[in-house]
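Trainee: Pasting a structure here, questions to come.
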Amino acid sequence: MNERLAKILEILEREKYCTTEHLANTLYVVPTTIRRDLKKLEQQGLISRKRGGASIISHDNHNVPYVVWQNSGNTAKARLAKRAIKLIPDGSTIFLDASSTVIYIAELLSPEQNVTVITNSIKAALILSQKNINTYCVGGKLVNGSNSLVGTLAGSAIASLSADIFFFSSQGIGLNGNITDFSETETQVRKSMIAHAKKSYFVGDSSKIGKEFMFSVCNVKDISGIICDKEIVFQLEE
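Have a look at this one:
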């Protein structure tokens, strides 16, 4: 995907709907070019074109294509990843889930930290392999679009392992402290990693605050901490 298409996705993810004229003015190109770009994005199933503009397709009820993850909110996610890296002692064993936010942690890890990573993310594993970081990729069913491994095989592999720290994200974190997601299979992987890690940290930007989905990952009371770009005041039940 070229840089302009990625930028269009980023703008639509942030503003939800934009006119062709607005996109053209923002990106300093003619409307004809934007219309051509929007057609390409629509063919990939990433946006919905409407009269005079386009909107991002809501992914609340199905798996999000990685290309959307990769090009939305990347600056905020990189900042959160930098904070997460500071929590990792040298020589640690780390669980990483397959969320887009956590992939930024994989990108920042250094071979000098002498860490071992266990992940269900094909993308994270490839990034880590290029840096010669000791990496284990759990087995399981490959989810098209998100490049994650899930299911019984993944759960069995995780159950036989343990980690010092688990970093994960999810689609929503409610003000009641419940961390939830729309994917049942991704939720099961995260629950298993939480159960087999000494410490677990939720990593997510403020766009996830106040959102709740069908499947419960955990409550904030069950994990070690939250890494977010905004302070969250929870109304936890006693």
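Heads up: the sequence shown begins at 228 in our numbering, then just goes up one per residue.
Here a beta-carbon is modelled for each residue, glycine too, at the ideal position from N, C-alpha and C.
1) Give the C-beta separation of residue 375 and residue 413 to the nearest angstrom, bearing in mind that I take them to be a contact with Cβ-Cβ under 8 Å.
2) Quick check on residue 304: buried or exposed, where buried means 16 or more other Cβ atoms within 10 Å of its Cβ?
3) In the DSSP assignment, the beta strand (DSSP E) including residue 264 goes from what residue to what residue?
4) Determine the contact status of residue 363 and residue 377, defining contact as a CB-CB distance below 9 Å.
5) How many whole angstroms separate the CB atoms of residue 274 and residue 239, which I take to be in contact at a CB cut-off of 8 Å?
6) If you drop the 5 nearest sequence neighbours on each side, which residues of the same chain put their C-beta closer than 8 Å to that of residue 425?
7) Assuming contact is defined by CB atoms lying nearer than 9 Å, are residue 330 and residue 400 in contact in what I supplied?
8) Would you report the Cα separation of residue 299 and residue 233, rounded to the nearest angstrom?
9) Hey, which unbroken runs of the alpha helix (DSSP H) at 4 residues or more fall wholly within the stretch 343-431?
10) So what does DSSP say about residue 309, is it helix, strand or coil?
11) Cα separation between residue 423 and residue 369?
12) Using the DSSP secondary-structure output, state which residues sit across from residue 323 in a beta bridge.
13) If you follow the alpha helix (DSSP H) that residue 252 is in, where does it begin and where does it stop?
14) Looking at the secondary structure, which residues open and close the beta strand (DSSP E) in which residue 457 lies?
15) With distances taken from CA atoms, which of 454, 439, 342 and 338 is nearest residue 394?
16) Go ahead and pull the three-state DSSP assignment for residue 434.
17) For the beta strand (DSSP E) containing residue 446, list its first residue and its last residue.
18) In the DSSP assignment, the beta strand (DSSP E) including residue 283 goes from what residue to what residue?
19) Ends of the beta strand (DSSP E) at residue 275?
20) Just how far apart, CA to CA, sit residue 243 and residue 253?
21) Would residue 367 pass as a contact of residue 416 if the rule is Cβ separation under 9 Å?
22) Label residue 452 either buried or exposed according to how many other C-beta atoms from any shown protein chain fall within 10 Å of its C-beta, with 16 as the threshold for buried.
23) By the 10 Å Cβ neighbour count, where 16 or more other Cβ atoms means buried, how is residue 403 classified, buried or exposed?
24) Is DSSP giving residue 450 helix, strand or coil here?
Mentor: This is what the structure gives:
1) 6 Å
2) buried
3) Run containing residue 264: none in the beta strand (DSSP E); it sits in the alpha helix (DSSP H), 258-270.
4) no
5) 6 Å
6) 389, 390, 391 and 392
7) no
8) Interpretation of residue 299 is limited by its pLDDT of 46, a score under 50 that renders its predicted location unreliable; no figure is taken from the coordinates.
9) 349-357, 379-386 and 411-422
10) helix
11) 22 Å
12) 346 and 394
13) 247-254
14) Unbroken run through residue 457: none, as it is neither H nor E.
15) 454
16) helix
17) 442-446
18) 280-283
19) 274-277
20) 15 Å
21) yes
22) exposed
23) exposed
24) coil
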